[in-house]
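Have a look at the structure below, then the notes.
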Amino acid sequence: MSHELDSRKLEELKSRMRDRAGQLREEIRQTLIKSDHEQYVQIANEVRDLEDESFADLMVDVNLAEIDRDLDELRAIEAAQLRMAEGAYGVCEHCGMPIEFRRLQLTPFAIRCFDCQSSYERNHVQKTGHTL
Ligand SMILES: [Zn+2]
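Taken in order, the sequence shown gives residues 42 to 173; the numbers are from this note's numbering.
Okay, structure coming up:
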């Protein structure tokens, strides 16, 4: 198999994900604190010192629309970190081919290659009339 991810590239993606996850956790924490909701503020204080794992689990009790997007991304990153630990990272879940490195640089938690992602979006994402 000609996988284009060597250990140096994997290391780069790993630290990208670590940084981004830390950023997301901090954003979520700040949102919880600002919510002025006693229970959420308490959760925000509890998770301050937590690293990866249990963070997203604790958020199960939080029902706050503002953190949904951050939480989705955080969960996607955590899943990608798990795949990396298992050595199953960087393979398109649709066609089974290696996901392009430049795509992973943009979206380290991507689960599909460029081609499969485009056709996925064509089929699943509603057209908004917005073009890039
Ligand atoms: Zn694919």
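C-beta: ideal position from N, C-alpha, C; glycine also.
Thr72 and Asp111 have their alpha carbons spaced roughly 10 Å apart. Going by beta carbons, Ile118 and Leu99 fall outside the 8 Å limit. In this structure, the C-beta of His135 approaches ligand 1 to less than 7 Å from one of its heavy atoms. The three-state secondary structure of Val88, taken from DSSP, is helix. Counting of Cβ neighbours within 10 angstroms places Gln122 among the buried residues, the total reaching 16 or more.
Taken in chain order, the complete alpha helix (DSSP H) segments of 4 residues or longer contained in the segment 128 to 161 are 142 to 147.
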